[in-house]
Amino acid sequence: MVRVACIGGGAWGANLIRNFSTLGALHAICDSDPETLKRHAKTYPQVAVNESFTMLLKHPALDAVVIATPAGQHASMVKQALEAGKDVFVEKPLALTLPEGREVVEMAARGSRILMVGHVLQYHPAVRALNGLIARGELGKVQYVYSTRLNIGKFRREENILWSFAPHDISTILLLVGQMPSTVQASGGTYLQQGIPDVTITSLAFPGGVKGHVFVSWLHPFKEQKLVVVGDKKMAVLDDLSKEKLVLYPHHVDWIDRAPVARKADAEVVPVPAEEPLANECRHFLDCVERRIQPHTDGREALRVLEVLHAGQLSLDREGAAVRLGTASEPTNQGVQVHPTAIVDQPCEILPGTRIWHFSHVHAGCRIGADCNIGQNVVIGPHVTIGTRVKIQNNVSVYEGVTLEDFVFCGPSMVFTNVINPRSAIPRKTEIKKTLIRHDATLGANCTIVCGVTVGRYAFVGAGTVVIRDVADHALVVGNPARQVGWMCECGITLNVLKGRAKCEACGARYAVDRKRGCRRVDKASLVEGTS
């Protein structure tokens, strides 16, 4: 028999404890609150109790853990349990960020561990019956789905109402529609705690034309949990608080004189088994652990829900702007501005102050420094490093192998390459040549930097120039192929060199110029502190 420990004995944790005890699998209870443990010890005297999660994980007789702690602790506790070699059932949400959720799922896969997430509605007999009706075509073509999950309380301080209530409904809608939405749009209201919305409405648009919305609130005068599915043949209502859980409405619409007229029909009650969804869920987890099979609500399903939640949160943060799925970027720092049409793959590090504009795409593995400006239709990466205060104008692709140091300027539509002899039919991803653009260099509009070169500090590449060899510090190059025609000051003004000396007419900086050492400043520190 599988032996589990329930971590967290609060309101929902108590329900899990009860079910696993009934199933004969409860081996231990863990909670940081001594009073909670004392209460459960009286109810389940045969079960071990422990305040230390770390100590509990060392118990060799323990097969799996069931985590029902506050949402902010989920990801870290799941990782601890997986590292200890335990299978895990964790309540929703799996994590409070998409990258952390991905990390947890990858860890479970590497360790061949069972990871199940508590999207309990998928184990509801009425949801299963409704899903069967849709699959058999009894509702016809599904046109829209909406759900309401409303109550007064329980208020949270770690997550907002979207992350607290909506995961169940999002999971169910994804199951019924059978695909991910293409766009997510969310709006809400904050009334009790600053920065934590109490009410949200999330709209989902699916590629096949299905629409959906999820209305959740913990600031509502009465409890309501309903799911409505409208098809072109019948409509279905799942009311979890009603005795008749699932009801069909075979209403239809006639067209008379080119005007739609509703034809109402009697409701049809769909019989469903009187089963507790949570009991079904707990039983399924034990079966998965024993038989080593993937749960219905495994880590991959949890990531799909997290992706929608994350897109909804981005939309909330952007005052209701629609977010295309696949573009729901999550920069690793606050203070980063990403336009809703831009895509930032994860993992990716972007430092505060950076702005990424329309239709740009930052691939995974990139690091972008602070206060950069990434223009429209820019592609970066994968695995590209960009320094501080870099400006990349519109229509530039910074491919793998290219490194831009601090204060580099890339003009509109300039071009980098990363393979010397590309052929469409011959993959050459292992032949990428590195290109280094040193700090404060300027690359003019429509210039081309052929891979494998270094463009020096404060160098200036003229518009339309084709660079095929290294460019010296402060050098001004133009033409195809590039040829040096002068020297540039740090401030971007051409220097007038006389007898190996030059003074900038704009800023007064003084330079020495010779064949061996090139151009170097001789009067004082660089204009840009810390970059010389």
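For my numbering, add 1457 to where a residue sits in the sequence shown, where the first one is 1.
Don't be surprised by glycine CBs; every beta carbon is placed ideally from N, CA and C.
In whole angstroms, give me the CA-to-CA distance for residue i and residue j.
{"i": "Lys1499", "j": "Val1667", "result": "51 Å"}
{"i": "Lys1973", "j": "His1818", "result": "42 Å"}
{"i": "Ala1462", "j": "Val1584", "result": "28 Å"}
{"i": "Ile1906", "j": "Arg1926", "result": "9 Å"}
{"i": "His1484", "j": "Ile1750", "result": "22 Å"}
{"i": "Glu1806", "j": "Ala1827", "result": "10 Å"}
{"i": "Val1838", "j": "Tyr1968", "result": "With the sequence shown as reference, residue 1838 is identified as Gly, and Val is not the correct amino acid for it. Distance between the alpha carbons of Gly1838 and Tyr1968: 36 Å."}
{"i": "Glu1787", "j": "Thr1811", "result": "Its pLDDT being 48, under 50, Glu1787 is placed unreliably by the model, and the measurement read from it follows with that caveat. Straight-line Cα distance between these residues: approximately 13 Å."}
{"i": "Thr1789", "j": "Cys1948", "result": "A caution first: Thr1789 carries a pLDDT of 46, below 50, which makes its placement in the model too unreliable to give a value."}
{"i": "Val1414", "j": "Ile1609", "result": "An answer regarding residue 1414 cannot be provided, because it is not within the stretch 1458 to 1989 covered by the chain."}
{"i": "Leu1952", "j": "Glu1862", "result": "23 Å"}
{"i": "Pro1717", "j": "Val1704", "result": "24 Å"}
{"i": "Phe1477", "j": "Cys1739", "result": "7 Å"}
{"i": "Ala1779", "j": "Thr1640", "result": "6 Å"}
{"i": "Thr1892", "j": "Met1637", "result": "39 Å"}
{"i": "Lys1536", "j": "Gly1589", "result": "35 Å"}
{"i": "Ala1898", "j": "Cys1946", "result": "11 Å"}
{"i": "Leu1596", "j": "Asp1689", "result": "7 Å"}
{"i": "Arg1880", "j": "Ile1831", "result": "29 Å"}
{"i": "Ala1538", "j": "Met1564", "result": "11 Å"}
{"i": "Ala1586", "j": "Ser1699", "result": "16 Å"}
{"i": "Leu1782", "j": "Tyr1501", "result": "46 Å"}
{"i": "Ala1719", "j": "Glu1681", "result": "27 Å"}
{"i": "Arg1613", "j": "Gly1594", "result": "40 Å"}
{"i": "Gly1844", "j": "Leu1760", "result": "32 Å"}
{"i": "Cys1976", "j": "Ala1959", "result": "9 Å"}
{"i": "Trp1469", "j": "Pro1678", "result": "22 Å"}
{"i": "His1796", "j": "Glu1560", "result": "25 Å"}
Are there 16 or more other CB atoms within 10 angstroms of the CB of residue i, so buried, or fewer, so exposed?
{"i": "His1618", "result": "Correcting the residue type first, residue 1618 is Ile in the shown sequence and not His. Answer is buried; the Cβ neighbour count reaches 16."}
{"i": "Val1979", "result": "exposed"}
{"i": "Gln1579", "result": "buried"}
{"i": "Ala1882", "result": "exposed"}
{"i": "Ala1785", "result": "Confidence in Ala1785 is poor, its pLDDT being 46 and thus under 50, which makes the residue's placement too unreliable to answer from."}
{"i": "Asn1878", "result": "exposed"}
{"i": "Lys1549", "result": "buried"}
{"i": "Ala1592", "result": "exposed"}
{"i": "Leu1649", "result": "exposed"}
{"i": "Pro1654", "result": "buried"}
{"i": "Phe1622", "result": "buried"}
{"i": "Gly1466", "result": "buried"}
{"i": "Gln1651", "result": "exposed"}
Which residues does DSSP list as the beta-bridge partners of residue i?
{"i": "Val1954", "result": "Ala1959"}
{"i": "His1818", "result": "Ile1800, Val1836"}
{"i": "Ala1521", "result": "Val1461, Asp1544"}
{"i": "Gln1770", "result": "According to DSSP, which records beta bridges pairwise, Gln1770 is partnered with nothing at all."}
{"i": "Lys1533", "result": "Before going on, a small fix: residue 1533 reads as Ser here, not Lys. According to DSSP, Ser1533 bridges with nothing at all."}
{"i": "Ala2030", "result": "As displayed, the chain neither begins before 1458 nor continues past 1989, which places residue 2030 out of reach and without an answer."}
{"i": "Ile1807", "result": "Ile1825"}
{"i": "Gln1650", "result": "Ile1653"}
So, for residue i: in the same chain, excluding its five sequence neighbours on each side, which residues have a beta-carbon less than 7 Å away from its beta-carbon?
{"i": "Asn1852", "result": "Asn1834, Pro1869, Ser1870"}
{"i": "Trp1712", "result": "none"}
{"i": "Leu1555", "result": "Leu1763, Glu1764, His1767, Glu1787, Gln1803"}
{"i": "Met1534", "result": "Ile1464, Phe1510, Ile1524, Thr1526"}
{"i": "Ala1731", "result": "none"}
Excluding the five sequence neighbours on either side, which residues of its own chain have a C-beta within less than 6 Å of the C-beta of residue i, listed in chain order?
{"i": "Val1543", "result": "The amino acid at residue 1543 is misidentified as Val; the sequence shows Lys. So the list reads Ala1521, Val1522, once near-sequence residues are dropped."}
{"i": "Val1506", "result": "Ile1486, Leu1494, Ala1498"}
{"i": "His1840", "result": "Gly1822, Glu1857"}
{"i": "Gly1646", "result": "Val1656"}
{"i": "Gly1913", "result": "Arg1895, Val1928, Ala1929, Asp1930"}
{"i": "Leu1743", "result": "Val1459, Ala1482"}
{"i": "Gln1941", "result": "Ala1932, Val1934"}
{"i": "Asn1737", "result": "Tyr1580"}
{"i": "Thr1911", "result": "Leu1893, Asp1927"}
{"i": "Val1634", "result": "Phe1663, Val1667"}
Leaving out five residues on either side along the sequence, give the residues of the same chain with a beta carbon under 8 Å from the beta carbon of residue i.
{"i": "Glu1557", "result": "Ala1532"}
{"i": "Tyr1603", "result": "Gly1669, His1670, Val1671, Phe1672, Leu1684, Val1685"}
{"i": "Ile1950", "result": "Cys1961, Glu1962, Ala1963, Cys1964"}
{"i": "Leu1735", "result": "Asn1472, Leu1473, Asn1476, Val1577, Tyr1580"}
{"i": "Ala1990", "result": "The requested residue 1990 does not occur in the structure, where the chain is confined to residues 1458 to 1989."}
{"i": "Val1599", "result": "Ile1591, Leu1633, Val1634, Val1667, Val1686, Val1687, Gly1688"}
{"i": "Leu1984", "result": "The predicted position of Leu1984 is uncertain, since its pLDDT is 44 and thus under 50; no value can be drawn from it."}
{"i": "Cys1904", "result": "Gly1868, Met1871, Val1872, Val1918, Gly1919, Ala1920, Gly1921, Thr1922, Val1923, Val1924"}
Would residue i pass as an interface residue toward chain B - the criterion being a Cβ-Cβ separation below 8 Å?
{"i": "Asn1878", "result": "Included in the structure is just one protein chain, with no chain B present."}
Ordered list of beta strand (DSSP E) runs contained in the stretch 1840-1927, each at least 3 residues
With a minimum length of 3 residues, the continuous beta strand (DSSP E) runs that stay inside the stretch 1840-1927 are 1859-1861, 1892-1894.
What are the start and end residues of each continuous beta strand (DSSP E) run of 3 or more residues lying completely inside the stretch 1652-1734, in chain order? Whole beta strand (DSSP E) segments, 3+ residues: 1656-1662, 1668-1674, 1676-1688, 1692-1696, 1703-1706, 1709-1713, 1716-1720, 1725-1727.
Every unbroken beta strand (DSSP E) inside the stretch 1470-1505 [3 residues or more] | If one requires a minimum length of 3 residues, the beta strand (DSSP E) runs lying completely within the stretch 1470-1505 are 1483-1487, in chain order.
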